[in-house]
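Participant: Protein chains in written order, with our numbering: chain A, 1 to 149; chain B, 150 to 298. Beta carbons are placed, not taken as given, at the ideal position from N, Cα and C, and that holds for glycine.
Protein chains: 2
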Amino acid sequence: MKVSTRVELGIVTLADIAVSTENGGTVSSAEIAERQRVSQKYLEQIILGLRQGGFVKGLKGSRGGYQLSRPADKIYLSEILNALDNTILSDTFEGDEAQGDDIRASVNTSLWDKLNGYMRSFTQQLTLADLIKEYKERCADPSDMMCFI
Amino acid sequence: MKVSTRVELGIVTLADIAVSTENGGTVSSAEIAERQRVSQKYLEQIILGLRQGGFVKGLKGSRGGYQLSRPADKIYLSEILNALDNTILSDTFEGDEAQGDDIRASVNTSLWDKLNGYMRSFTQQLTLADLIKEYKERCADPSDMMCFI
DNA sequence: AAATAATCCTACATATATACTATGAATTAA
DNA sequence: TTAATTCATAGTATATATGTAGGATTATTT
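(1) Interface residues of chain A around LYS151 (chain B) at Cβ under 8 Å?
(2) Does TYR191 (chain B) come within less than 9 Å of chain A when only Cβ atoms are used?
(3) Shortest alpha-carbon distance to ARG212 (chain B) belongs to which of B:GLN274, B:ALA289, B:SER178 and B:GLN201?
(4) For LEU233 (chain B) and chain A, any beta-carbon pair shorter than 9 Å?
(5) Using the Cα positions of CYS139 (chain A) and ASP251 (chain B), report the straight-line distance between them to the nearest angstrom.
(6) Among A:SER121, A:ILE80 and A:ALA105, which has the Cα closest to the Cα of PHE55 (chain A)?
(7) Please check if any C-beta of chain A sits within less than 9 Å of the C-beta of SER259 (chain B).
(8) To the nearest angstrom, how far is the alpha carbon of LEU111 (chain A) from that of LEU59 (chain A)?
(9) Is the Cβ-Cβ distance between ARG269 (chain B) and LEU238 (chain B) less than 9 Å?
(10) Taking Cβ positions, are ILE166 (chain B) and LEU226 (chain B) nearer each other than 9 Å?
(11) For ILE195 (chain B), go through chain A and note every residue whose CB falls closer than 9 Å to its CB, in chain order.
(12) Figure out for me which residue from A:PHE122, A:LEU115 and A:PRO71 has the closest Cα to the Cα of VAL129 (chain A).
(13) Would you say SER188 (chain B) faces chain A, with C-beta separation under 9 Å as the test?
(14) For SER227 (chain B), would you say it is in contact with chain A, using Cβ-to-Cβ distances shorter than 9 Å as the test?
(15) On the DSSP bridge list, what partners appear for VAL56 (chain A)?
(16) Cβ closer than 7 Å: which chain A residues qualify as neighbours of GLU283 (chain B)?
(17) Counting only the same chain and skipping the five closest in sequence on each side, list residues whose C-beta sits under 7 Å from that of VAL161 (chain B).
(18) Is the Cβ of GLN185 (chain B) closer than 9 Å to any Cβ of chain A?
(19) Where does VAL156 (chain B) sit, in a helix, a strand or coil, going by DSSP?
(20) According to the Cβ coordinates, are THR272 (chain B) and LEU115 (chain A) closer than 9 Å?
(21) Name the residue from A:ARG104, A:ALA105, A:ASP73 and A:THR92 whose alpha carbon lies nearest to the alpha carbon of LEU131 (chain A).
(22) In terms of alpha-carbon separation, which member of B:GLN274, B:THR258 and B:ARG155 lies closest to LEU199 (chain B)?
(23) Taking 9 Å as the CB-CB cut-off, is GLN248 (chain B) touching chain A?
(24) Whole angstroms is fine: what's the gap from ASN82 (chain A)'s alpha carbon to GLN52 (chain A)'s?
(25) Which of the three DSSP states, helix, strand or coil, is assigned to VAL161 (chain B)?
(26) Quick check on ASN116 (chain A) - is its C-beta less than 9 Å from some C-beta in chain B?
(27) Return the CA-CA distance between LEU118 (chain A) and GLN125 (chain A), expressed in angstroms with no decimal places.
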């Protein structure tokens with residue numbers, strides 16, 4: 001399953017903000033950009049989407065930065081994905097049902113609707129807090145990988 | 150989940166060939182093109198992929214056409230998808246693990262690997278014969294939709 | 001043998017999406 | 001007032017998607 005770098009970076013950035021600010025305060029786009037090795041300007045575009053989606057709020061000015069606008073266990077992956085790219089969890093063929101014979105419609109319900117249904121239910125029960133929890137558990141095992149934050 | 154029209158048409162075309170030839174014989178690209186309301190030339194390109202994937206064989210010349218090269222219950226959706234677009238069931242980020250910190254790697258295994266895993270197991274147990282069976286069951290109920298083939 | 005009907009193969013055109021880069025305005029704290 | 005930061009938009013190069021088009025190849029039919 002291919003996913004755009006915007007979506008990848010969007011989720012990772014949100015997780016980064018959550019982890020970096022869990023003891024209060026804010027984190028700047030410059031910090032995150034360095035950690036994730038992307039240009040700050042590009043990252044700001046992605047954070048724009050996160051803010052418009054209602055996941056983070058930005059505090060302007062010196063000593064400003066970003067924080068979550070909701071607790072991480074109230075942010076569902078389905079919401080994040082929809083905000084970053086509304087095609088991922090959407091119906092595969094919308095308004096396409098009238099074309100051709102109905103083998104198309106049948107394949108749609110037998111295959112694509114079921115795949116979409118699973119992706120939705122999985123991402124509707126998975127929260128940002130779950131992602132962070134799993135990340136920290138992996139960090140606790142140094143033989144697995146290193147923890148940078 | 151957005152999918153290219155090539156993938157959609159590829160699966161539908163394969164199902165069409167299976168249904169149209171289940172009593173023997175062949176079906177031409179012209180027939181399928183009319184039924185699915187696409188240009189014959191475009192359809193031929195898509196059938197090319199199906200042939201290279203080993204799902205159909207073409208018989209040239211007058212009275213030629215296409216047939217399945219294997220029984221429909223031995224053709225798995227995972228194979229079809231891989232032949233038509235090898236990104237759908239592939240790992241979301243291949244060779245991408247070295248970039249940035251390992252929040253990326255962790256999100257990858259917590260989210261994307263699981264989604265890919267489900268899509269694979271579902272499509273690895275679903276066959277073309279299953280799709281056709283469901284299609285015919287729907288056709289048997291005229292209140293649901295009409296059956297054209 | 002010639003005509004016909006079909007698959008097979010490749011090149012090209014156009015539109016859209018992606019992945020950035022770049023520029024600067026607006027806002028706040030020191 | 002200066003510096004630091006978010007906020008917003010414009011531009012651009014590349015890749016991908018969605019076809020169109022032309023014709024070569026092969027087999028059947030007459």
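Facilitator: According to the structure shown:
(1) THR87, ILE88, SER90 and THR92
(2) no
(3) The shortest Cα separation from ARG212 (chain B) among B:GLN274, B:ALA289, B:SER178 and B:GLN201 belongs to B:SER178.
(4) no
(5) 9 Å
(6) A:ILE80
(7) yes
(8) 45 Å
(9) yes
(10) no
(11) Those do not exist, as ILE195 (chain B) stays about 13 Å from chain A at its closest Cβ, beyond 9 Å.
(12) Per the sequence shown, the amino acid found at residue 129 (chain A) is Ala instead of Val. Checked all of A:PHE122, A:LEU115 and A:PRO71; the closest Cα to ALA129 (chain A) is A:PRO71.
(13) no
(14) no
(15) Here VAL56 (chain A) is bridged, per DSSP, to A:LEU68.
(16) Chain A residues near GLU283 (chain B): SER106 and SER110.
(17) GLN185
(18) yes
(19) helix
(20) yes
(21) LEU131 (chain A) has its Cα closest to that of A:ASP73, out of A:ARG104, A:ALA105, A:ASP73 and A:THR92.
(22) B:ARG155
(23) The predicted model places GLN248 (chain B) with a pLDDT of 47, which falls under 50 and marks its position as unreliable; any figure quoted below should be read in that light. Yes, GLN248 (chain B) counts as interfacial toward chain A.
(24) 12 Å
(25) helix
(26) yes
(27) Looking at the sequence itself, residue 118 (chain A) is Tyr, so the reference to Leu does not match. Annotation: TYR118 (chain A) to GLN125 (chain A) spans about 11 Å, alpha carbon to alpha carbon.
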